[in-house]
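To convert, note that position 262 of the sequence shown is 262 in the UniProt record's numbering; the numbers rise steadily by one, no gaps.
Written out below as structure tokens is the structure these notes cover.
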Amino acid sequence: MKIIFMGTPDFAVPCLESLIKAGHEIAAVFTQPDKPRGRKMVMTPPEVKVCALEHGLTVCQPKTLRDGEALDIIQKIDPECIVVAAYGKILPKEILDLPKYGCINVHGSLLPKYRGSAPIQWSVINGDTETGVTIMQMAEGVDTGDMLYQKAIPINIDDTAESMFNKLSDLGGEMIAEALDMLEKGELTAEKQDEALATHAPMLDKSISEIDWHKPALEVHNLVRGLYSWPIAQTTLHGKKLKIYRTSLGKGNGEAGSVIATDPLTIACSDGAVVIEELQLEGKKRMDAKTFLIGHPLTGKDKLGE
């Protein structure tokens, strides 16, 4: 099948590699423009661009799809299908209507649950025990199109957004090749989404990263897992910002935010407690809790979040 692939971050790379391996003709790869990254703000190409160039594919990085230039390129290629995976731009109707098989999106949730840009993180934050990938026909709305193919996988209690990102990325790569094969053979049946079951997964920002120790331990643990590896859950200790990278569920009760044990470092919540396993105090390096306590001994009088 003659395909245009659209994707940007590393989530999309297994999808592109899977399509190449399956023998599809990747006529062009659309990805977002290079952006400055890191403390030194070095211009860095998207992971999909790196992958595409390694395979000798044509790369297009338009700033917008809403001017005539991108449409002209796509019309000249005349793809049978456009495959989209975490591209980060909305496709206008004139592009959606072009390909024979339409525009197919690889979405990291079990639609209609978690429409939007951060489905993986929100599924972990909300304590879900299952998620998956949906291959869907794209429509003008955000993740509202008909579902073509769906698979579910479990979310374990120690999974993070990062670990689920990797699992779903690989699953999406497997599924998109299978889906296109079935699509060509006429073996896929489009299923409309139930709007009554739709939920949304808005983009994350740092405003949600503050830990509320007055919440149950499981909710705190889920927040830490869901915000790893960005933007990272945080609290305060003696007036300084304290990033919490890794936790587990602990035992014991006490005043919310108080230190109720130091071996392991256990913090009381409104219901139960969490064990802090990895953390970073403002101005210091990231380290495990045991190492942290050597330089910053804590007692039952200490409290987080004040």
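Ideal Cβ placement from N, Cα and C applies to all residues, glycine included.
Here the structure is a predicted model, which means the values were calculated and not measured.
Residue ranges of uninterrupted beta strand (DSSP E) with 3 or more members, entirely inside the segment 97-128 and ordered along the chain, are 103-107.
The beta carbon of Gly254 lies closer than 6 Å to those of Ile260, Ala268 in the same chain, with the five residues before and after it left out.
Counting along the chain, Gly7 sits inside the beta strand (DSSP E) bounded by residues 2-7. Shown here, Ser248 sits in a strand according to DSSP, grouped into three states.
Taking C-alpha positions only, Ile4 is separated from Lys192 by approximately 25 Å.
Around the beta carbon of Glu219, a 10 Å sphere encloses 16 or more other beta carbons of the protein chains shown; the residue is thus reported as buried. Contact fails between the segment 26-33 and the segment 176-190, because fewer than three Cβ pairs, one in each stretch, are under 8 Å apart. A contact is defined here as three or more CB-CB pairs under 8 Å, and the segment 169-178 meets this definition with respect to the segment 7-22. In the structure shown, Met147 adopts extended strand secondary structure according to DSSP, grouped into three states. Annotation note: the segment 34-104 contains the following uninterrupted alpha helix (DSSP H) runs of length 4 or greater, listed N- to C-terminal: 47-54, 68-77, 93-96. When DSSP reads this structure, Ala196 sits in no beta bridge, so it has no partner. Straight across, the Cα-Cα distance linking Phe11 with Thr299 is about 42 Å. Contact check between the segment 191-209 and the segment 112-126: three or more CB pairs, one atom from each, fall below 8 Å, which counts as touching. For Glu174, DSSP records no beta bridge to any residue. When rounded, the separation of the alpha-carbon atoms in Ile104 and Ile82 is 6 Å.
The segment 51-71 makes no contact with the segment 134-150: fewer than 3 CB pairs, one atom from each, lie closer than 8 Å.
The beta carbons of Thr134 and Leu96 sit no closer together than 8 Å. Leu65 and Leu71 have their C-alpha atoms roughly 7 Å apart. A straight-line Cα-Cα distance of about 35 Å links Met41 and Ile77. Residue burial is scored here from C-beta neighbours: Arg225 has at least 16 other C-beta atoms within 10 angstroms and is therefore classed as buried. Spanning the alpha carbons of Pro92 and Gly127 requires a straight line of approximately 34 Å.
Glu25 is bridged by DSSP to Lys2. As the crow flies, the alpha-carbon of Pro79 is around 28 Å from that of Gly132. DSSP places Ile232 in the coil class of the three-state scheme, outside both helix and strand. With fewer than 16 neighbouring CB atoms inside 10 Å of its own CB, Asp67 falls in the exposed class. In this structure, the CA atom of Lys185 is about 14 Å from the CA atom of Tyr149.
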